Ligand code: DAK
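What follows is the structure in structure tokens.
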């Protein structure tokens, strides 16, 4: 793997762990951090020994948003040319499941990063918000779109227009996060979930992620037809034969990813 200055990386049990590492700035997402994050994600995605990826911050902050110091004096043209945060859209294109482990502040671009992931495990101290209105702008990387699809119009409007912040329990109740656990356990919980998923059939994971994401992009008829095609396609894999045979023989399947 490459060496990084703004993130830390680790591998265990077929899981690739990326830790955002600008604690003094509450993991504010500057250009360097975002580039490193994307590079690490793509490296893990291309590695056969990795099945899932976890993105973590620290207990105080997952990420407090895009780096305001870096943006404050930028012109519109400079922002357009940088366009770093739109790279989050490419997380959806990562073939392996990506889990965000969120504790503390998860704001602005930080919340948009978490929402670009496939699942969110939150600590009880996590706080989710889109505070861009406080600094005279609006969300620019999914905070009006993914957020509204997740929590609905009423709550999204309050968050985007009046800086309403959600507690972890509220975020769970509204369907933004998968589960909430005590602060001291949130990372272990995310790691365990990631390891569990990473032990599953790789091709089926890939198709399943793609199919669920498709639900937000297509008409029901098209989504159903894509889902059906992916289902039939999996019958061309050895893992489907192995999985069904293992069930019949009452033993655990051994996945090969082919
Ligand atoms: N940027 C830069 N530095 C930040 C930061 C941020 N977003 N958030 C915190 N920090 C820094 C603080 O400046 C402070 O640094 P020093 O003064 O110690 O040098 C340090 O982190 C600790 O912060 P505080 O002293 O403020 O800590 P508190 O516990 O008192 O307050 C807080 C925590 C999270 C409530 C507060 O720091 C805060 O309100 N932070 C700003 C949150 C925010 O407004 N976030 C949204 C940023 S705008 C784009 C798409 C999307 C975006 C941009 C472009 N394109 C498609 C191009 C996204 C925009 C955003 O995210």
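In the numbering used here, the protein residues as written are 4 to 261. We treat Cβ as the ideally placed atom computed from N, Cα and C, and that holds for glycine. All values reported here derive from a predicted model rather than from experimental measurement.
- Note on geometry: alpha-carbon atoms of residue 145 and residue 254 lie some 43 Å from one another.
- Proximity to residue 177 across 187, 150 and 107 peaks at 150, based on C-alpha coordinates.
- For residue 110, the three-state secondary structure derived from DSSP is strand.
- DSSP places residue 59 in the uninterrupted beta strand (DSSP E) bounded by 55 to 59.
- DSSP places residue 17 in the coil class of the three-state scheme, outside both helix and strand.
- Under the three-state reduction of DSSP output, residue 132 falls in the strand class.
- Note on residue 138: under 16 other CB atoms within 10 angstroms of its CB, so exposed under the neighbour-count rule.
- In the same chain as residue 17, and ignoring 5 residues on each side of it, the C-beta atoms closer than 8 Å to its own belong to 52, 53, 54, 55, 198, 201 and 202, in chain order.
- Distance from the C-beta of residue 84 to the nearest heavy atom of ligand 1 is not below 7 Å.
- At a Cβ-Cβ threshold of 8 Å, residue 117 and residue 101 do not count as neighbours.
- Secondary structure of residue 64 (DSSP, three-state): strand.
- Set against 7 Å, the gap from the CB of residue 136 to the closest heavy atom of ligand 1 is not smaller.
- Cβ contact annotation for residue 217 (same chain, cutoff 6 Å, sequence separation greater than five): 226 and 229, in chain order.
- Judged by DSSP in its simplified three-state form, residue 23 adopts strand.
- For the options 63, 191 and 121, the alpha carbon positioned closest to that of residue 93 is the one of 121.
- At least one heavy atom of ligand 1 sits closer than 7 Å to the Cβ of residue 71.
- Here residue 93 carries a helix assignment [DSSP, helix/strand/coil].
- CA-CA distance, residue 190 to residue 158, rounds to 27 Å.
- The alpha-carbon of residue 170 is positioned some 43 Å away from that of residue 240.
- Here residue 232 is exposed: its Cβ has fewer than 16 other Cβ atoms, across all protein chains shown, within 10 Å.
- Residue 252 and residue 172 have their C-alpha atoms spaced approximately 42 Å apart.
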